[in-house]
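Residue numbering for the sequence shown follows full-length UniProt numbering, beginning at 1 and increasing consecutively. Heads up, the beta-carbon is just placed ideally off N, CA and C, and yes, glycines get one too. Given the structure is predicted, the values throughout are model-derived calculations rather than measurements. Here's the structure, in structure tokens; my notes come after.
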Amino acid sequence: MSILIIIPAHNEEASISYCLDSLVRQTLKPTRLVLVDDSSTDTTLSILKTYEKQFDFIQVIQKEGESEHIPGAKVIDTFYRGLSEVSIADFDIICKFDADIIFPEDYLEKLSQSYKNNPNLGMCSGLCFIKAQDNKWIYENIAHKDHVRGPIKSYSKLCFEKIGGLKKSIGWDTVDELLAKFHGFDVETIKDLHVKHLRPTGKIYTSKAKLLQGIAMYKMRYKLPLTCIASAKMALQQKKKTVFINNLKGYFTSKKEKTPFMVTPQEGAFIRKYRYKGILKKLLGK
């Protein structure tokens with residue numbers, strides 16, 4: 001199967017070589033690897049160009065813009081800058097990877113095999129592991145193991161097209177999976193396929209990010225009861241009551257400003273039903 005990988009990169013000099021070394025050593029090489037430098041002020045761009053000279057399947061793109069790292073719109077805008085250089089019609093699998101991931105050598109081979117084995121598979125990935133204080137690699141426990149994480153997204157071409165691509169908004173890496181399920185696609189995580197996440201999620205976001213989860217919940221049409229439940233769960237997991245407060249602030253700010261939704265009423269109804277079903281399963285211990 002033909003594989004397109006797009007990697008947005010902003011000031012990634014500390015990790016990008018590890019990531020790219022792991023990708024060029026894959027047992028199944030990507031058909032095209034597009035590296036998008038997002039206005040880096042370090043040596044990221046020169047590192048990318050070094051790989052471009054060595055491997056004919058690698059293409060480097062430069063994107064100018066603001067450098068502040070806010071999750072959501074900016075990274076997806078950078079992703080689309082890379083996508084504009086190719087035609088997805090030429091590929092079977094579209095991947096959006098982060099620049100701080102080390103992949104096992106058989107990652108793309110196993111990913112491709114999963115899509116081959118299940119024609120209805122819309123999204124697939126391995127699991128993210130981070131280095132603990134004792135230098136052991138442990139599961140990055142910020143999401144359920146059935147969730148395809150943002151740093152290692154992959155989509156079948158049909159799924160990518162059906163969900164309307166990636167949303168330029170906070171919550172893009174949640175709503176994509178929900179929309180895939182709305183359209184009847186299967187979603188799979190390969191539990192024994194582990195990647196090393198060199199920079200744990202959320203370590204470099206600015207204070208502006210505090211309200212964004214609540215904004216995302218509003219834009220996904222969670223409505224207030226589900227937003228409260230989801231926010232309480234997040235607060236308990238992070239052991240910070242301010243998470244609950246900030247989420248609700250973000251939600252009500254969006255409601256007051258009449259922020260545009262990123263899903264249709266029908267999609268929103270499906271999302272709420274799916275979320276409540278998951279909550280009920282956990283309460284019943286299923």
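Say whether chain C places a C-beta atom closer than 8 angstroms to the C-beta of residue i.
{"i": "L158", "result": "Absent here is chain C; the protein component of the structure consists of one chain."}
Mapping the DSSP letters down to three states, classify residue i as helix, strand or coil.
{"i": "A9", "result": "strand"}
{"i": "D56", "result": "coil"}
{"i": "V195", "result": "strand"}
{"i": "I204", "result": "Caution applies to I204, whose pLDDT of 45 falls short of 50 and renders its modelled position unreliable; the model cannot decide the point."}
{"i": "E188", "result": "strand"}
{"i": "M234", "result": "helix"}
{"i": "V34", "result": "strand"}
{"i": "S15", "result": "coil"}
{"i": "Y155", "result": "strand"}
{"i": "K255", "result": "helix"}
{"i": "K96", "result": "strand"}
{"i": "S169", "result": "coil"}
{"i": "D21", "result": "helix"}
{"i": "I163", "result": "coil"}
{"i": "G250", "result": "helix"}
{"i": "Y51", "result": "helix"}
{"i": "K240", "result": "coil"}
{"i": "P225", "result": "helix"}
{"i": "T27", "result": "coil"}
{"i": "A143", "result": "coil"}
{"i": "T43", "result": "coil"}
{"i": "S67", "result": "Residue placement at S67 cannot be trusted, given a pLDDT of 46 that sits under 50; the coordinates are not used to answer."}
Given a threshold of 16 other Cβ atoms within 10 Å of its Cβ, counted over all protein chains shown, does residue i qualify as buried or as exposed?
{"i": "R25", "result": "exposed"}
{"i": "D38", "result": "buried"}
{"i": "S114", "result": "buried"}
{"i": "L4", "result": "buried"}
{"i": "I215", "result": "buried"}
{"i": "P265", "result": "exposed"}
{"i": "Y276", "result": "exposed"}
{"i": "D100", "result": "buried"}
{"i": "Q213", "result": "buried"}
{"i": "T242", "result": "exposed"}
{"i": "G285", "result": "exposed"}
{"i": "K145", "result": "exposed"}
{"i": "I279", "result": "exposed"}
{"i": "K191", "result": "exposed"}
{"i": "Y139", "result": "exposed"}
{"i": "L236", "result": "exposed"}
{"i": "A132", "result": "exposed"}
{"i": "P200", "result": "exposed"}
Start and end of the alpha helix (DSSP H) containing residue i?
{"i": "R81", "result": "A73 to L83"}
{"i": "Y218", "result": "L212 to K219"}
{"i": "I271", "result": "P265 to L283"}
{"i": "residue 299", "result": "Outside the shown range of the chain (1 to 286) lies residue 299, about which nothing can therefore be said."}
{"i": "E177", "result": "W172 to F182"}
Could you tell me which residues DSSP puts in a beta bridge with residue i?
{"i": "V86", "result": "Answer is none; V86 lacks a bridge partner."}
{"i": "Q62", "result": "D37"}
{"i": "I138", "result": "I130"}
{"i": "L4", "result": "R32 and I94"}
{"i": "I102", "result": "K196"}
Between which two residues does the beta strand (DSSP E) carrying residue i extend?
{"i": "G126", "result": "L121 to K131"}
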